[in-house]
Amino acid sequence: MPRKERLFILGLPQIVQLQGHNKCELFSEDGDFCYFLECLDNALMRYGGDLHSYCLLASKALLLITPNSKENIGAIIQHVGRRYVPYFNKKYQRSGSLWEGRYKSCLVEAKNYLLPSMHFVESGAMEPSISVADYPWNSYNHNIGEASLERISSHREYILLGKTTQQQAEAYRRFSQRSISRYILQRISDCIRQNTILGMAKFCQQLENQLQGNVRPRKRGRPRKNYNLSGQQLSFIERKVRSLCQQYSYTEIKLPIIQDANLASELLSFSLTPQCIASSNHQTILSSDGSFSCLKFVNQHLELLQGSKVWYQGPIFRHAYEQHDMLEQYIQIGVEAFGWENDAIVAEQLQFQYDFFKVLELEKEVELRINHIGSMAEFTAFRQALTIYFQPFSILFDATRQAWLQNVPERILVDYPVELEPMIKLAPKLSDYLSITSLARFQQLEQLLDNMGLPYIVDHNLYPASHYSDILFEWHAEYIAPQTLVCRGGRYDEFISKTMQRKSNACGFAFMLDNIIKLLLSIGYHPREYNDYKIVVIPEYNISGALGFNICRQLRQSFPSIAVTLDCAEKLTIKRQANASKQGNNIIVIINERDNMEVLFKHHREVELSLDGVRARISRLIYA
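Under UniProt numbering, the residue at position 530 of the sequence shown is numbered 530, and the numbers go up by one with no gaps.
What follows is the structure, encoded as structure tokens:
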């Protein structure tokens, strides 16, 4: 099999990993570490490149380097190997290869993942018992300003952390005190192993369009083609959310699917794309956002604004992609809190979300991204600056981006052709329009999340999809790209204050159940408590008594989490059996004329069973 060609994009840093053969030691004493670093210094001086961070462990070396050319990174590693390996073999009287195959590497989207990559390189691969600050063979102390290493070059994203080197070092110290999320650890490991790119979905999608190939890590096995939702899957998710809502003191409310536009006109603007349908005498609305219906409910019960926590579930409707004459239905669970001014409510809701993903064993598959956009006035000023800046370039935009320019110019900063990148880099920055109070507020939230040990990244390109202000947050799962969003929310104090005509506070979020279940299916998640089995009871003869109903009742009592149905269709038994077998997880119970039963499941068949025997057989099938 031919070797996979290494990815290289000029200007992108790379994580490089050297592993000892059969996990043997690469370094046995301090002199070995020193000589390896000396070889690395000579290689960087000879071939060029910037080293941003490193960590040398007994059986592994991790480097974060930005090479000057595609050939340079290979030449650097080759130079180190040609000098260090003979030195090590001669010193310890060994022969043969020291490295475990070719070096492994992955490219890093610096804008969003440089700091997590530096943190991973300096501490992510170390044993928990080892203190990063006390370990002498990494670059951590240099990057936090407590040492000076000439071999380290600061990346532009690191420099942007502060106006002075002291501010940069202190900002990185605060960042490195956060725990690395299992999601980041898993993604970096997958990217290194598969030689792919650690980056946001849109960034990777642009590169894939440009390179005509895959640049993201993939799960093992063939991708699923069908992600249809079953009633039991939705019920399983609902039970998990309901349990968490009870723990966090949220009360369920029931919301209508259809709203009267005339009665809710003041709240319509919360949803950017409300779906309208025409009726005989007035216009009605199918909301594209569950928060819209929740706000209308609160508008009718203003006492909730004084301090309440509610949650809801139900469908939302949106236009099909590129088919605006068609609506598609999605399932959403929303959580809203009213009356809390302090951002502790935001932290609590983020903890709620993390607990939910942890219950589903998805904490390694999802990533929390947060951002602060300031007040409505501050964000509006930023939008106006973007519109003025982009106006002379509008001739280069397609129809979609020209439409964005009028109302949501910030979208151009996130989704743009690669040829427009030089123009995007010089666009106004949101941070320039945020007040000192707004920045301090966000820093307080970050500190609170750090103290809670809740992993997150700050995504400066995260902008509101609705009328949020101040705090935004989203959870993404890259393995279900291109639709990676699984949860979204934020604060909307200013909007609710304006619409309710009184000072109010509100914070909420929604789980996108379709994408969450798609993620569960894509990773093969199947906990014991969840199943998609259904028991189908088929009498061979016309039911003259209550035997079939009694058997169904007994099975429902024995297996309360499984659907049990009685097939009373006037068809031949073999026909009914074939229909039930079309769904692979149907357990078929046939009642014969002697009132004995047989159980069929896929290719297994047991006959002449009593009711107790049927119960025992179904238990073995389900809990095997």
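The beta carbon of each residue, even a glycine, is placed where N, CA and C say it ideally should be. This one's a predicted model, so the numbers in the text were calculated from it and none came from an experiment.
Residues near residue i by beta carbon distance below 8 Å, same chain, minus five either side
| i | result |
| --- | --- |
| SER59 | GLN19, GLY20, LYS23, CYS24, GLU25, LEU26 |
| ASN42 | HIS79, ARG83 |
| ARG441 | ASP343, HIS372, ASP470 |
| GLU540 | THR573, ILE590, ILE591, ASN592, GLU593 |
| ILE180 | PRO116, HIS119, PHE120, SER123, GLY124, PRO455 |
| SER544 | Model confidence at SER544 stands at a pLDDT of 49, short of 50, so the residue's coordinates are unreliable; what they give is reported in the following sentence. Excluding positions up to five away in sequence, the list is empty. |
CB-CB length for residue i against residue j, believed under 8 Å
| i | j | result |
| --- | --- | --- |
| GLY508 | SER291 | 6 Å |
| GLN329 | PRO315 | 5 Å |
| MET512 | GLN351 | At roughly 19 Å, the Cβ-Cβ gap does not stay under 8 Å, so MET512 and GLN351 are not in contact. |
| LEU107 | ILE197 | 5 Å |
| CYS294 | GLU252 | Actually they do not touch by this definition, with Cβ atoms about 12 Å apart. |
| ARG218 | LYS104 | With a Cβ gap of about 16 Å, ARG218 and LYS104 do not count as contacting. |
| ARG151 | LEU57 | Actually they are not in contact, since the Cβ atoms of ARG151 and LEU57 sit about 18 Å apart, beyond 8 Å. |
| HIS142 | THR66 | The Cβ separation is near 16 Å, so there is no contact. |
| ILE345 | LEU472 | Not a contact, Cβ separation roughly 15 Å. |
| TYR112 | ILE457 | According to the sequence displayed, residue 112 carries Asn and not Tyr. The Cβ separation is near 7 Å, so the contact holds. |
| VAL418 | GLN166 | At roughly 36 Å, the Cβ-Cβ gap does not stay under 8 Å, so VAL418 and GLN166 are not in contact. |
| SER249 | LYS296 | Not quite, the Cβ-Cβ distance comes to about 23 Å (not below 8 Å), so this is no contact. |
Cut-off 7 Å between Cβ atoms - residues of its own chain near residue i, not counting five sequence neighbours on either side
| i | result |
| --- | --- |
| LEU420 | LEU396 |
| ARG617 | VAL599, GLU606, LEU609 |
| ILE480 | ASN515, LYS518, LEU519, SER522 |
| GLN353 | TRP475, CYS487, PHE509 |
| VAL298 | LEU304, LEU305, PHE338 |
Residues near residue i by beta carbon distance below 6 Å, same chain, minus five either side
| i | result |
| --- | --- |
| CYS552 | VAL537, VAL564, LEU566 |
| VAL121 | SER53, CYS55, LEU62, LEU64 |
| LYS534 | ALA563, ASN586 |
| GLY613 | none |
| ASP30 | none |
| ARG216 | THR196, CYS204 |
| PRO116 | ILE184 |
| LYS364 | ARG182, TYR183, GLN186 |
| GLY199 | GLU109 |
| ILE496 | SER504, ALA506 |
| TRP137 | PHE33, LEU56 |
| ALA381 | TYR433 |
| TYR47 | ASN72, ALA75, ILE76 |
| ALA477 | GLU365, VAL366, THR484, VAL486, LEU519 |
Backbone secondary structure at residue i - three-state DSSP
| i | result |
| --- | --- |
| SER610 | coil |
| GLN206 | helix |
| GLY213 | coil |
| GLN447 | helix |
| HIS460 | coil |
| ILE424 | helix |
| residue 638 | Residue 638 is absent from the structure shown; the chain starts at 1 and stops at 624. |
| GLU252 | strand |
| LEU234 | helix |
| GLN391 | helix |
| SER440 | Note that residue 440 is Ala in the sequence shown, not Ser. Correct three-state label for ALA440: helix. |
| GLU570 | coil |
| THR400 | helix |
| GLY162 | coil |
| GLU598 | strand |
| HIS142 | helix |
| SER435 | coil |
| residue 628 | In the structure displayed, the chain extends from 1 to 624; residue 628 sits before or after that span and is not available. |
| VAL132 | coil |
| ASN579 | helix |
| VAL414 | helix |
| ILE551 | helix |
| ILE538 | strand |
| ILE618 | helix |
| ALA156 | The sequence shown places Arg at residue 156, not Ala. ARG156: helix per DSSP, three-state reduction. |
Minimum Cβ-Cβ distance from residue i to chain C less than 8 Å
| i | result |
| --- | --- |
| THR573 | Judged by its chain identifiers, the structure shown contains no chain C, having just a single protein chain. |
* To do: Write down every uninterrupted run of the alpha helix (DSSP H) in the stretch 318 to 383 whose length is 4 residues or greater and which is fully enclosed by it, in chain order.
  => Taking only runs of at least 4 residues, the alpha helix (DSSP H) segments lying wholly in the stretch 318 to 383 are 344 to 359.
* For the stretch 159 to 172 against the stretch 185 to 196, are there 3 or more C-beta pairs whose distance is under 8 Å? -> Because the criterion of three Cβ pairs below 8 Å is not met, the stretch 159 to 172 and the stretch 185 to 196 do not touch.
* **Runs of beta strand (DSSP E) wholly within the UniProt domain "Transposase IS200-like" (9 to 124) (minimum 3 residues, chain order)** => Qualifying beta strand (DSSP E) stretches, in chain order: 14 to 19, 50 to 56, 60 to 66, 104 to 108.
* To do: Inspect the CB distances between the stretch 426 to 441 and the stretch 396 to 405 and report whether three or more fall short of 8 Å.
  => Taking 8 Å as the limit for Cβ pairs, the verdict is that the stretch 396 to 405 does not touch the stretch 426 to 441.
* Would you check if the stretch 234 to 252 and the stretch 206 to 217 touch, i.e. whether three or more CB-CB distances between them fall below 8 Å? => No, because fewer than three Cβ pairs between the stretch 206 to 217 and the stretch 234 to 252 fall closer than 8 Å, the two stretches do not touch.
* Length-filtered (3 minimum) beta strand (DSSP E) runs lying within the stretch 463 to 529 -> Within the stretch 463 to 529, the complete beta strand (DSSP E) runs of at least 3 residues fall at 469 to 476, 485 to 491, 506 to 512.
* Would you check if the stretch 498 to 506 and the stretch 408 to 419 touch, i.e. whether three or more CB-CB distances between them fall below 8 Å? => Two segments are said to touch when three or more pairs of C-beta atoms, one from each, lie closer than 8 Å; by this definition the stretch 408 to 419 does not touch the stretch 498 to 506.
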